[in-house]
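**Student:**
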Amino acid sequence: MAKRVGKGASRGEPSRPIRVLVGKPGLDGHDRGAKVVAAALRDAGMEVIYTGLHQTPEMIATAAVQEDVDVVGLSVLSGAHMTLFPRVRDLLAEVGRSDILLIGGGIIPQEDIEELEAGGVAKLFGPGSGTQEIAQFITSWAEKRGE
Numbered sequence: 601m602a603k604r605v606g607k608g609a610s611r612g613e614p615s616r617p618i619r620v621l622v623g624k625p626g627l628d629g630h631d632r633g634a635k636v637v638a639a640a641l642r643d644a645g646m647e648v649i650y651t652g653l654h655q656t657p658e659m660i661a662t663a664a665v666q667e668d669v670d671v672v673g674l675s676v677l678s679g680a681h682m683t684l685f686p687r688v689r690d691l692l693a694e695v696g697r698s699d700i701l702l703i704g705g706g707i708i709p710q711e712d713i714e715e716l717e718a719g720g721v722a723k724l725f726g727p728g729s730g731t732q733e734i735a736q737f738i739t740s741w742a743e744k745r746g747e
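Under the numbering used here, the first residue of the sequence shown is numbered 601, with each subsequent residue one higher.
Okay, here's the thing in structure tokens:
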């Protein structure tokens with residue numbers, strides 16, 4: 601099971617599974633990839649909250665805080681990635697939750713990936729990325745966070 605580290609784990613307090621919120625912001629109606637990733641992360645031992653289709657950045661950020669997640673993963677296929685990722689990042693920062701790892705995926709041009717990652721999105725995964733790669737990225741981040 602993918603155990604959450606940090607937030608007390610280094611002090612000998614019990615850890616809990618890594619909590620991941622998977623969101624589909626915007627008007628895109630294609631959620632098969634998001635559901636596949638959510639299932640794979642669950643199979644890797646993470647607790648996964650899937651918010652469903654047509655979520656606003658505000659809805660996603662609110663759910664992330666309410667659910668006390670460690671990671672927010674956005675699936676964006678609509679071309680609105682340059683608006684949606686920064687908005688979720690900013691909303692999390694406004695409520696003091698910049699500690700939440702923000703990742704995502706979709707059809708995103710390389711130059712946009714570079715700009716988004718430079719602007720605070722930890723990692724963006726493209727169509728060729730495997731679910732094990734995504735799970736490993738999250739697990740490695742959680743392990744480093746606990747050091």
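Each residue gets a CB set at the ideal place from its N, CA and C atoms; glycine is no exception.
Just to confirm before moving on: does the CB-CB distance between residue 713 and residue 671 stay below 9 Å?
**Tutor:** Taking the sequence shown and counting its residues from 1, the one referred to as residue 713 is at position 113. Taking the sequence shown and counting its residues from 1, the one referred to as residue 671 is at position 71. Going by C-beta atoms, residue 713 is not nearer than 9 Å to residue 671.
**Student:** In its own chain, which residues sit with a C-beta less than 7 Å from the C-beta of residue 655, not counting the 5 before and 5 after it?
**Tutor:** One-based indexing of the sequence shown puts residue 655 at position 55. Around residue 655: 623, 624, 625.
**Student:** Would the beta-carbon of residue 708 fall within 9 Å of that of residue 724?
**Tutor:** Against the sequence shown, residue 708 aligns to sequence position 108. Against the sequence shown, residue 724 aligns to sequence position 124. Yes. Within cutoff.
**Student:** Can you give me the Cβ contacts of residue 611 inside the same chain, cut-off strictly under 6 Å, excluding the 5 residues immediately before and after it?
**Tutor:** To locate residue 611, count along the sequence shown from 1; it is residue 11. With a pLDDT of 48 at residue 611, under the threshold of 50, the modelled position of that residue is not reliable, and no figure is offered here.
**Student:** Helix, strand or coil for residue 624? Go by DSSP, reduced to three states.
**Tutor:** The residue given as residue 624 occupies position 24 in the sequence shown. Coil, per DSSP.
**Student:** Quick one: give me the first and last residue of the beta strand (DSSP E) that residue 673 is part of.
**Tutor:** Within the sequence shown, numbered from 1, the residue matching residue 673 stands at position 73. Residue 673 -> beta strand (DSSP E) spans 671-676.
**Student:** Around the Cβ of residue 718, are there at least 16 other Cβ atoms within 10 angstroms (buried) or fewer (exposed)?
**Tutor:** Counted from its first residue, the sequence shown places residue 718 at position 118. So residue 718 ends up on the exposed side.
**Student:** Tell me the DSSP secondary structure of residue 709 in three-state form.
**Tutor:** Position 109 of the sequence shown, counting from 1, holds the residue named residue 709. Residue 709 falls in the coil class under three-state DSSP.
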